[in-house]
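Okay, so here's the structure we're looking at.
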């Protein structure tokens with residue numbers, strides 16, 4: 001089954017096109033280009049014509065209505081960088097566009113195995129002659145700065161002149177939507193062109209633009225490779241460069257026009273030198289060879305990340321799209337991370353959140369651990385800024401990671417559901433601990449992860465205090481953003497306990513390995529013993545009366561908001577209710593304690609989870625796209641596989657069905673990761689335990705089975721689940737411990753394992 | 001003893017001048033003019049040249065860093081209206097300024113009995129000749145739009161030409177300070193001149209300016225009355241009008257130059273017609289007669305508001321200045337209120353806060369009840385907007401008064417220490433109930449106060465809920481702004497209980513009087529019974545362990561911030577600590593529970609107050625100017641009169657000593673009221689009880705006595721306290737109940753009352 005997403009004969013409405021701009025974006029973790037039409041849209045269409053470099057940002061003013069101490073008044077924002085998408089095509093002087101009279105067979109195909117996005121249509125001239133035009137785009141996984149557009153023109157019966165205008169703009173404006181708190185509200189010219197050069201000999205345009213404030217530069221180089229029928233004509237050079245190729249089109253001859261763009265930024269490249277050598281590299285191979293390499297890269301990816309369900313084709317399309325989006329979105333260089341919208345749009349201003357660690361890292365940890373390690377390295381590069389952030393918040397020690405950031409500066413404007421979400425600290429620690437357990441990668445731990453865990457632990461000890469014998473954490477916000485700045489958020493306290501206990505557990509190893517950071521940070525045995533005490537004394541609120549875990553100290557005492565009685569148009573509630581109103585009620589935007597039931601399942605017995613799940617489910621609106629996937633996983637934990645399926649259905653198709661009505665602003669990257677979690681951690685019941693990988697499969701009625709690959713301790717495993725048996729085999733690597741249901745074995749390449757599927761848990 | 005504030009031979013530093021601009025401002029509750037030099041300052045001085053009309057505002061953008069639902073993104077701001085202050089004086093072509101070489105005897109006098117502000121100096125020409133120049137300003141209490149400047153020039157030995165240039169600018173810019181959260185951060189041209197006219201026959205300039213957004217107009221009319229030596233010369237007319245008067249100055253002849261300005265606004269006047277008739281009215285009398293009327297007005301004021309301490313002259317200056325500031329600041333027309341900075345500057349953007357009801361109204365209630373009634377009427381005029389505000393906050397019934405406003409729109413940008421201070425509702429209700437008890441003014445209650453009390457009570461019932469048998473109020477902020485959005489703030493809950501109980505008590509009276517609002521609001525007996533139940537069930541948090549009242553549900557469980565160990569430069573803490581840090585600690589910006597001990601003293605026994613006072617005193621930084629006066633009053637309640645005196649000292653001189661370092665932005669109007677409270681409610685121990693006025697005097701060692709006048713139930717009382725006896729007499733009015741210490745009598749004009757002073761309580 002080929003991995004393709006297609007849209008055939010779609011309606012040319014603005015809404016659909018904006019949505020497709022997102023869905024058909026092409027990205028490689030370094031650059032991302034939205035799927036805009038090369039020829040543009042009619043004037044009354046709103047388009048977010050965008051191209052982004054991961055980690056390239058400017059600093060925008062963030063005016064606070066009241067500027068209290070420590071409120072950031074600058075924020076980092078992703079930049080819409082140089083626009084090289086525009087290509088206009090004229091046949092006998094008539095402009096060829098998808099909007100032309102008589103256009104038919106307008107199709108788009110995202111080929112996730114080839115790593116290209118194709119758009120094609122049959123165009124009809126005023127005289128009634130037809131040509132097929134197609135545009136194939138690629139952002140190269142093997143040469144990250146490279147973006148290509150290949151235009152192919154085949155005449156059915158047209159004969160005449162052809163003229164192709166290709167534009168190269170050195171800067172672009174960010175998209176603006178003043179009515180949505182999740183989007184930028186005002187247009188800003190962040191980038192300005194510093195130098196435009198057209199090299200006639202090389203037929204190469206090079207534009208360098210600089211940011212207003214962050215002192216970054218972006219260089220784009222554009223050149224073309226065209227069929228012999230075409231000849232270079234006019235070149236106009238201004239702040240932009242526009243080149244025209246002219247020729248003749250006849251029946252039976254295919255015109256092929258390739259536009260190569262290279263995107264280089266000053267954070268990673270030497271803009272004086274690197275541009276030229278990249279051009280040379282690209283020119284050394286024909287486009288087909290770049291296509292070939294792209295396919296090979298993805299071939300490896302799909303082998304490592306293989307994941308499929310038997311019995312639900314639409315779901316598989318969505319699963320493929322999710323995993324493909326993740327590999328498209330993830331920064332792989334330690335300088336960048338994964339933005340909430342990947343590289344597909346400017347929603348949330350390109351910020352990195354806890355989404356990475358809790359929703360997306362497990363996928364990389366289990367399929368592409370090199371990338372997971374780079375994501376940890378990224379956090380390490382901003383550790384110093386996290387220390388500064390902790391000082392701003394009044395903490396005398398430790399580091400507090402920013403809730404929203406690109407290069408480390410806190411960019412969240414409303415601290416109650418931003419900076420106050422201290423749990424990002426324990427989320428990062430959790431992901432490091434999980435990564436270490438899954439991979440055994442001691443080097444990453446000693447170089448990056450260990451220091452992060454120590455510094456975030458120090459923050460916890462400064463932020464919390466003993467109240468009698470209890471260690472408490474006050475005035476923080478948990479994952480649920482409808483209940484902010486509370487005392488003893490259960491999720492946070494439990495995550496901190498987990499992190500502290502693990503630090504205590506890892507400390508002898510750090511000592512034994514003579515970890516550099518122990519000296520650097522002057523870690524003492526006493527300090528570690530303080531962590532142990534605090535973890536042991538950690539207060540975890542519980543209602544004896546209701547026999548459930550309390551989301552925080554006062555949550556259960558508030559009146560329940562009857563969300564089932566509210567009109568549908570009131571959702572998401574954040575757009576229709578004042579925060580004070582929401583905070584005053586029992587209502588949850590998303591999984592909070594239920595997320596703890598997943599991440600820390602070993603800390604609970606199933607009956608307690610069941611009671612808590614039933615209670616909090618009634619209160620949760622799932623107004624966050626991070627919610628349904630977690631409810632799905634925990635439904636599986638409590639054995640309600642059909643409910644798990646319903647939540648999974650909801651969660652897995654958010655973008656391809658645009659069910660949250662904002663996919664036009666970019667994909668929901670965390671939800672892509674959540675879909676992976678829902679299948680692998682939910683239905684397959686995978687858990688990374690200290691000494692074993694664990695599977696507890698459950699299949700919903702609709703499916704006959706599922707299969708996927710994971711990497712555990714460096715070994716590549718393949719898992720096939722159906723309603724008869726679970727078959728686990730090892731493709732490469734050394735023997736590992738594996739537990740299926742409650743049976744444990746050592747799995748090796750020689751010894752695969754089949755175990756009967758259990759209908760009842 | 002004359003009531004004057006003087007500054008003699010003061011330093012011409014920018015700091016001192018900015019401070020004097022505030023201290024020597026002249027205002028009458030309608031207009032306020034800062035004490036700027038007519039001739040201006042040297043170029044490198046920063047001056048806030050200001051003139052304001054109470055209640056005249058524009059609407060400014062208030063950008064929220066994150067625009068959540070219900071966050072206001074507009075705010076009302078006081079306007080710096082037309083500038084008519086400028087008068088330049090030239091002698092033989094040399095400009096006369098206070099900054100000239102050889103200037104001496106530079107003095108300022110604010111005469112609080114005459115109601116004028118005088119500035120004078122002796123100026124020396126380059127040739128060494130001297131003249132005395134003086135500027136006397138008045139904002140008329142008897143003709144509110146009128147502002148006059150009288151310039152007098154007396155030659156010692158100068159003979160030569162004199163030239164006076166008088167300017168009239170129809171608009172001015174608001175003052176800007178980007179570094180202070182309490183001031184506006186960006187310059188805005190709110191007013192633009194729509195029409196400038198100079199009437200040659202009448203020698204009158206008239207400029208009309210309109211606001212950008214609020215659709216208000218301000219008209220200013222300027223004309224002059226000059227000694228016969230001067231003749232009108234050049235008139236320049238542009239957006240501004242500048243007129244020149246020329247003449248000769250000789251020894252022995254005084255030149256007198258009077259500039260009349262009239263300020264009219266479109267909220268109160270018909271700008272087409274009223275200007276002309278005001279000009280006529282002013283011209284009907286010579287300036288001296290306007291001075292005379294001013295003095296008569298103030299004579300009555302000082303008789304009604306008489307207040308003096310024996311044995312502390314500086315304190316009396318400060319007391320006089322406080323009361324004078326209050327009469328200068330208070331809106332007296334039901335359209336306006338009292339801004340936090342009065343009409344002396346643009347600090348807090350001219351907003352009205354709870355300061356009015358809790359800190360300033362008691363003064364008016366007891367000395368000028370007509371004004372107190374107008375302040376209640378003002379709240380009534382914005383009741384409809386308060387209802388709208390309640391809907392924005394999600395409440396299905398009732399009204400929530402805006403925390404900061406001018407004409408009713410919530411203008412607070414940070415809701416945790418703004419909109420969340422719901423207690424403004426019960427503060428307004430409290431002031432109405434107190435006013436009614438002090439005056440017996442049933443008419444005000446039936447027309448305005450009653451409806452406000454019902455609508456605010458409805459809000460409470462919607463905002464709170466029953467938790468078991470307790471009625472609780474969650475997610476609100478009490479007076480202490482270092483602890484925000486908490487559950488069951490003691491002060492709030494107690495104030496609400498008080499308000500609900502009083503509504504229950506007043507209901508039969510409302511029914512008997514067939515109050516219109518009962519029908520209008522469809523008040524039912526059941527509703528009233530619900531208030532009774534909620535009041536009875538009101539939860540008031542108390543720590544059994546510590547035996548003190550808890551500021552809120554979790555306050556006492558937080559770590560204490562050791563404020564005595566913090567460096568001095570860390571204060572005020574709000575400028576040096578992130579709110580989350582402050583919220584996480586036991587630390588108070590101001591009196592919170594201690595304010596409840598004052599306002600609701602009958603609800604506590606003295607021992608409980610003593611314990612609470614001792615506890616909370618250690619936690620309070622008094623970073624708010626509203627704090628010390630309350631600590632002084634409650635120190636008196638617990639019998640520590642010397643501590644009371646120290647707090648009173650601190651609080652009573654904030655502006656004249658500029659101890660908070662921001663008097664340059666305007667007076668601390670609430671503190672002026674607090675000073676009154678400190679003396680009358682503190683040392684004299686006055687309370688307005690349901691059926692009696694109560695006095696419990698205590699005098700600090702330093703004073704030999706004090707005396708003051710109050711109006712109670714329409715009767716004017718005079719109270720003299722010394723360490724021998726308390727002497728209460730009635731000047732006008734019907735007999736009233738009076739209680740001194742624990743003795744109660746009926747006081748009448750015929751029967752005054754002397755009772756021995758009790759050294760020990």
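Residue numbers (the UniProt record's numbering), protein chains in the order written: chain A, 1 to 761; chain B, 1 to 761. Ideal placement from N, C-alpha and C gives every residue a C-beta, glycine not left out.
So for residue i, helix, strand or coil by DSSP?
| i | result |
| --- | --- |
| residue 307 (chain A) | strand |
| residue 63 (chain A) | coil |
| residue 213 (chain B) | coil |
| residue 474 (chain B) | coil |
| residue 101 (chain B) | coil |
| residue 711 (chain B) | strand |
| residue 728 (chain B) | strand |
| residue 531 (chain A) | helix |
| residue 538 (chain B) | strand |
Just the C-alpha distance for residue i and residue j, rounded to the nearest angstrom, thanks.
| i | j | result |
| --- | --- | --- |
| residue 468 (chain B) | residue 647 (chain B) | 42 Å |
| residue 560 (chain A) | residue 622 (chain A) | 16 Å |
| residue 606 (chain A) | residue 638 (chain B) | 57 Å |
| residue 315 (chain B) | residue 309 (chain B) | 8 Å |
| residue 748 (chain A) | residue 715 (chain A) | 9 Å |
| residue 233 (chain B) | residue 88 (chain B) | 14 Å |
| residue 11 (chain A) | residue 36 (chain A) | 15 Å |
| residue 663 (chain A) | residue 361 (chain A) | 22 Å |
| residue 398 (chain B) | residue 502 (chain A) | 52 Å |
| residue 28 (chain B) | residue 413 (chain B) | 29 Å |
| residue 465 (chain B) | residue 626 (chain A) | 31 Å |
Could you please give the first and the last residue of the uninterrupted alpha helix (DSSP H) stretch that includes residue i?
| i | result |
| --- | --- |
| residue 599 (chain B) | 593 to 599 |
| residue 33 (chain A) | Counting along the chain, residue 33 (chain A) falls outside any alpha helix (DSSP H), though it belongs to the beta strand (DSSP E) covering 31 to 33. |
| residue 672 (chain A) | 669 to 677 |
For residue i, list the residues DSSP reports as bridge partners.
| i | result |
| --- | --- |
| residue 124 (chain B) | B:130 |
| residue 263 (chain A) | A:220 |
| residue 155 (chain A) | A:131 |
| residue 465 (chain B) | B:472 |
| residue 288 (chain A) | None; residue 288 (chain A) has no bridge partner. |
| residue 176 (chain B) | The partner list for residue 176 (chain B) (beta bridge, DSSP) is empty, contrary to what the question assumes. |
Where does the unbroken beta strand (DSSP E) through residue i begin, and where does it stop?
| i | result |
| --- | --- |
| residue 198 (chain A) | 191 to 199 |
| Short-range partners of chain A found in the segment 534 to 547 of chain B, where Cβ spacing is below 9 Å | none
| message | Output needed in chain order: residues of the segment 470 to 503 of chain A with a Cβ under 7 Å from some Cβ in chain B. | response | 474, 475, 485, 487
| task | With 8 Å as the C-beta to C-beta threshold (strictly closer), list the residues of the segment 550 to 561 of chain A near chain B in chain order. | result | 553, 554, 557, 558, 559
| field | Contacting positions in the segment 58 to 70 of chain B - beta carbon closer than 8 Å to chain A | value | 62, 63, 64, 65, 66, 67, 68, 69, 70
| task | Can you give me, in chain order, the residues of the segment 380 to 399 of chain B that have a beta carbon less than 7 Å from any beta carbon in chain A? | result | 392, 393, 394
| request: Return the residues of the segment 407 to 421 of chain A that lie within a Cβ-Cβ distance of less than 9 Å from chain B, sorted by chain order. | output: 412, 413, 414, 415, 416, 417, 418, 419, 420
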